[in-house]
Ligand SMILES: [Zn+2]
């Protein structure tokens, strides 16, 4: 039987395209979804399951959901409360979730170790600005985790040399309308106004692809002037 690669899968564009890419390469794929009960995760998980159904095949293992509640740790952070969610015009740093990658990797790495899965794939792209997404970080963290469990699970990042446009091109044949990337969904729809929705629109636009997403609202118009009489909002 072929070896299995686990994929840290959120149902977003990057991890969905990664998962389908590995299936295309004839790998046996085990999707792992980590449910931290964050504001958007109910809608996100439903979409994740729809995407998996759409790409199902003999090499795709059933979704495993790992629970990692973070409300006690993140407390009144916007990711828990849904208040003050970073908008389209805020810097990418604003969407950083403290310790996100270490938190995700600890639990999924140990799951892999306990289930005899030797590779854990992450959908991290080139130019990720965060300190816990650098090559050095992953190398050091992999070594620390291996020491902790007295075994080896390789952290692989098959998209780490690709920018967003290259990743989108890998996914042109996929049902990308079933992927999900919104911080503030309502009724299961992308809000159209948050930082992630803006990033999603830009990913389709800059790749020359039609955006199949149903957004609840159009992007906010850009205010041209602070003078309220001239402000178009
Ligand atoms: Zn949104």
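In this note's numbering, the protein residues as written are 955 to 1187.
The C-beta atom is built at its ideal place from N, Cα and C for all residues, glycine as well.
Query: What is the rounded straight-line gap between the Cα of residue 1113 and the Cα of residue 972?; Result: 7 angstroms
Query: Is residue 1146 near ligand 1 - that is, is its Cβ less than 7 angstroms away from at least one heavy atom of it?; Result: yes
Query: Per DSSP, residue 982 is paired with what?; Result: 958
Query: Measuring only the C-alpha atoms, how far is residue 1151 from residue 1125?; Result: 18 angstroms
Query: I need the straight-line Cα distance from residue 1035 to residue 1066, nearest angstrom please.; Result: 31 angstroms
Query: Hey, would you say the C-beta of residue 1051 is under 7 angstroms away from at least one heavy atom of ligand 3?; Result: With respect to ligand 3, the structure shown offers nothing to examine, as its ligands consist of ligand 1.
Query: Mapping the DSSP letters down to three states, classify residue 1041 as helix, strand or coil.; Result: strand
Query: What does the alpha-carbon distance come out to for the pair residue 1117 and residue 1079?; Result: 6 angstroms
Query: Output the distance between the C-alpha atoms of residue 1030 and residue 1098, rounded to the nearest integer angstrom.; Result: 31 angstroms
Query: Nearest to residue 1041 by CA position, among 1164, 1144, 1167 and 1159, is which residue?; Result: 1144
Query: Grab the span of the alpha helix (DSSP H) containing residue 1025 for me, first residue to last.; Result: 1025-1028
Query: List the DSSP bridge partners of residue 1014.; Result: 983
Query: Please state whether the Cβ-Cβ distance between residue 983 and residue 1015 is less than 8 angstroms.; Result: yes
Query: What does the Cβ neighbour count give for residue 968, buried or exposed, with the cut at 16 atoms within 10 Å?; Result: buried
Query: Contact between the region 998-1018 and the region 1156-1164: three or more CB pairs below 8 angstroms?; Result: no
Query: What does the alpha-carbon distance come out to for the pair residue 1182 and residue 992?; Result: Any reading at residue 1182 must be qualified, since the residue scores a pLDDT of 47, below 50, and its modelled position is unreliable; no value is offered.
Query: Run the CB neighbour count on residue 1133, radius 10 Å, all protein chains shown included, and call it buried at 16 or more, exposed below.; Result: buried
Query: Using 8 angstroms for Cβ pairs, my map puts residue 1006 next to residue 1074. What's the rounded Cβ distance?; Result: With 8 angstroms as the limit, residue 1006 and residue 1074 do not qualify as a contact, their Cβ atoms being about 18 angstroms apart.
Query: If we count the other Cβ atoms within 10 Å of its Cβ and call it buried at 16 or more, is residue 1106 buried or exposed?; Result: exposed
Query: Please determine, among 1037, 1053, 1049 and 1013, the residue with the shortest C-alpha to C-alpha distance to residue 1135.; Result: 1049
Query: Kindly examine ligand 1 and report whether one of its heavy atoms sits closer than 7 angstroms to the Cβ of residue 1082.; Result: no
Query: Taking residue 989 and residue 1021 to be in contact with their CB atoms under 8 angstroms, please state how far apart those CB atoms are, rounded to whole angstroms.; Result: 5 angstroms
Query: Quick one: Cα of residue 1028 to Cα of residue 1174, how far?; Result: 28 angstroms
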